[in-house]
Amino acid sequence: MNRLTVVAVAALIAIVSSVGLLRYVADAEGRATSAAEPVAILVAARDVPAGTTFEDAWADGSVVTSEIVRGLRPATAVADPGELDGTIADGVLRQGQLVVDGVFVSPEDAGDAALPPTFADTLPKGTVAVSFEASGAQAVSDLVSPGDRVNVLVQVPDAAELGLPSSGGPAVVHAFQNLLVIAIGAAIAPTAGSDTAVSNPGAGSYTVAVAPGDAARLLFLTRQYEVFLTLVGPGTSPGAQDPITKVDALPKTSTTESSTASRTTP
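Using our numbering, the letters of the sequence shown map in sequence onto residues 1 to 266.
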């Protein structure tokens, strides 16, 4: 290959390289311009609690449409609100957080933490809620408040009906002791640590927490017999309580010595 040919080939390579470089530069400029273009996104304008429906979050402005440069938009970002109809927040969505796939999911796919809190969440662990009716003098003159503890007594025609020794007539029997009153009517007991008391609304419907195996017993007794409540005071512990019948109705003594709050005689 002579010198002229070498020079010609070198010149051709230089031209091709220059064209390629110019094209690369042009493409890079195009890519940069495209990456800088604003694109639509959905973003949280304020904190969105877990379990919030997208419709509610969208309606109250908790989630809004915004813009971000294309180069910073996550591949999983959601831009179309219509894609999220019927979904709920699967966890807390913080203010400024982008809405991406998995933030809002169908209720069936949501974890327990994403579901809205319910009354069941307030029950003591391992218990179920049971309601029964009691009012007035039967319920300590409606002085019981949500959060108090009560004993449940029932009046029966004969103690033998409950498998106890026959009382030969009517008897009052302690059925349950130290039950937590979690609600009266729609008034719910305050949460632990709360310094706000909840008053008795006078509804007459008491809801207590019991072990699952005792639910049917409580329901049967409170519907079959007349019900009475006693309010459990501080320092009072459950203990054996014999049925009270006619022959047991009077205390062993009617003097002040029988009272737990006896007075000192001067």
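Note that CB positions come from ideal geometry on N, CA and C, so glycine has one too. Predicted model, so just to flag it, every value in this text is computed and none were measured.
I need the straight-line Cα distance from residue i to residue j, nearest angstrom please.
i             : j             : result
alanine 197   : glycine 51    : 28 Å
valine 64     : alanine 44    : 6 Å
threonine 236 : leucine 229   : 15 Å
glycine 82    : glycine 61    : 15 Å
leucine 123   : alanine 186   : 15 Å
alanine 183   : threonine 118 : 14 Å
Which class does residue i belong to by DSSP, given the choice of helix, strand or coil?
i             : result
threonine 207 : strand
serine 66     : strand
valine 25     : Residue placement at valine 25 is flagged as unreliable, the pLDDT there being 48, under the threshold of 50; the coordinate-derived value follows with that caveat. Helix, per DSSP.
alanine 110   : coil
alanine 32    : With a pLDDT of 49 at alanine 32, under the threshold of 50, the predicted position of this residue should be treated as unreliable, though the coordinate-derived value follows. Correct three-state label for alanine 32: helix.
leucine 143   : coil
Relative to the alpha-carbon of residue i, which residue among the options has its alpha-carbon at the smallest distance?
i            : options                           : result
threonine 87 : Asp80, Ala75 and Ala110           : Ala110
valine 130   : Pro38, Val210 and Gln224          : Val210
aspartate 90 : Gly96, Val103 and Thr122          : Val103
glycine 96   : Ala59, Thr53 and Val48            : Val48
serine 135   : Ala203, Thr53 and Val247          : Ala203
proline 238  : Val247, His174, Ala216 and Ala215 : His174
Roughly how far, in whole angstroms, is the beta-carbon of residue i from the beta-carbon of residue j, given that I think they are within contact range, below 8 Å?
i             : j                 : result
valine 227    : valine 152        : 7 Å
glutamate 133 : serine 205        : 6 Å
alanine 159   : threonine 245     : 7 Å
leucine 218   : phenylalanine 176 : 6 Å
Short of 8 Å in beta carbon distance, which residues of its chain neighbour residue i, apart from the five on each side in sequence? Order them along the chain.
i         : result
valine 99 : Ile41, Leu42, Val43, Ala44, Val63, Ala77, Val78, Leu84 and Leu93
In chain order, what residues of the same chain have a beta carbon less than 7 Å from the beta carbon of residue i, not counting five sequence neighbours either side?
i          : result
valine 150 : Val144, Leu179, Val181, Leu229, Thr230, Leu231 and Val232
valine 25  : Caution applies to valine 25, whose pLDDT of 48 falls short of 50 and renders its modelled position unreliable; the model cannot decide the point.
serine 106 : Gly86 and Thr87
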